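Student:
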């Protein structure tokens, strides 16, 4: 059982480190600011989550205690990282309005609606 726990914890640490490395590399190498924003929020969040899960399982397997601190940190991280990225993206678009002007304009519909399908299909009322 001890070897099984070591393998699981080691695998989670390696997986977490790989995701953190991919997120860091993406933040450095992606060309646009908005694309660079996605790398740390997605990959690095999974990397930190893997490391915290490995820490939680380590204490469960080897110290015979259930550590809730890592679970709470992971929950807080998974909830706040996407919200923070959203606010950073909105602030960037507010400071640089010319970026938002590059988006394609729809031809015949509002920005939040789809065009009415053609043929025998009627839209729902």
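In this note's numbering, the protein residues as written are 4 to 128.
Where is the CB? At the ideal position from N, CA and C, for every residue including glycine.
On a predicted model such as this, the values are computed, not experimentally measured, just so you know.
1. Which residues in the same chain as residue 44 place their Cβ atom closer than 7 Å to its Cβ, once the five residues preceding and following it in sequence are excluded?
2. Would you please state the rounded distance, in angstroms, between the beta carbons of residue 47 and residue 27? I believe it to be under 8 Å.
3. So residue 64 and residue 19 are supposed to be a Cβ contact under 8 Å. How far apart are they, rounded?
4. Just to confirm my understanding: we take residue 31, look at its own chain, exclude 5 residues before and 5 after, and list those with CB closer than 6 Å. What are they?
5. Nearest-angstrom Cα distance between residue 5 and residue 35?
6. In angstroms with no decimal places, state the Cα-to-Cα distance between residue 73 and residue 82.
Tutor: In short:
1. 84, 85, 88
2. 7 Å
3. Their Cβ separation, rounded to whole angstroms, is 17 Å, which puts residue 64 and residue 19 out of contact at 8 Å.
4. none
5. 46 Å
6. 14 Å
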